[in-house]
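Chemist:
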Amino acid sequence: MERLRIEYGTGYMELIVEAFFPCKMPAMRKAARLINQYCTDEARAELFSELREMADGYNALCGMYRETEEALPTDSPQRRHWRAQFNKTEVLRRRMEGNIRLISGGGRE
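Position one of the sequence shown corresponds to residue 31 (the numbering used here), numbered consecutively onward.
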């Protein structure tokens, strides 16, 4: 799914999935309300599947970064680099989990 189209009474909105997600929670709360209210169950299921794949990718990256970091000497500048990469990716992974939770847990209003 490249784009998610949300059609509502006065117009529509298209979200480019890989650019919008994972987003911060204030934006996600607004988007989740629209997604849960106006998207079909099929569109929501497809989006959920796409987001789950993205979350799995972040999870795999976190594991790779952690393994790489742990293989380096403690005082190494490279270790700090890989730790920073892990931290950034972990933030995205957590954000994605929150995004998924809002979409999967929200029923139609």
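For glycine and all other residues, C-beta sits at the position ideal for the given N, C-alpha and C.
Tell me which same chain residues have a C-beta within less than 6 Å of the C-beta of L64, skipping the five on either side of it?
Modeler: Your numbering for residue 64 matches position 34 in the sequence shown. Closer than 6 Å at the Cβ level, and outside the excluded window around L64, lie I36.
Chemist: Could you give the distance in angstroms between the alpha-carbon of G135 and the alpha-carbon of F116?
Modeler: Against the sequence shown, residue 135 aligns to sequence position 105. Against the sequence shown, residue 116 aligns to sequence position 86. Roughly 28 Å separates the two Cα atoms.
Chemist: Quick check: R96 and I133, are their CB atoms within less than 9 Å of each other?
Modeler: For the purposes of this step, residue 96 is taken as the residue at position 66 of the sequence shown. For the purposes of this step, residue 133 is taken as the residue at position 103 of the sequence shown. Cβ atoms of R96 and I133: not closer than 9 Å.
Chemist: Check the C-beta distance from I143 over to A85 and give it rounded, since I have them as a contact under 8 Å.
Modeler: The structure shown does not extend to residue 143, since the chain is modelled only from 31 through 139, so no value can be given for it.
Chemist: Residues in the same chain with beta-carbon distance under 7 Å from N98, minus the five sequence neighbours each way, listed in chain order, please.
Modeler: For the purposes of this step, residue 98 is identified with residue 68 of the sequence shown, where counting begins at 1. Looking at the sequence shown, residue 98 is not Asn but Thr. These residues qualify, in order along the chain: W112.
Chemist: V47 and L91 look like a contact to me (Cβ under 8 Å); what is the Cβ gap, rounded to whole Å?
Modeler: The residue you call residue 47 lines up with position 17 of the sequence shown. The residue you call residue 91 lines up with position 61 of the sequence shown. In fact, because the Cβ distance is near 18 Å, the residues do not count as touching under 8 Å.
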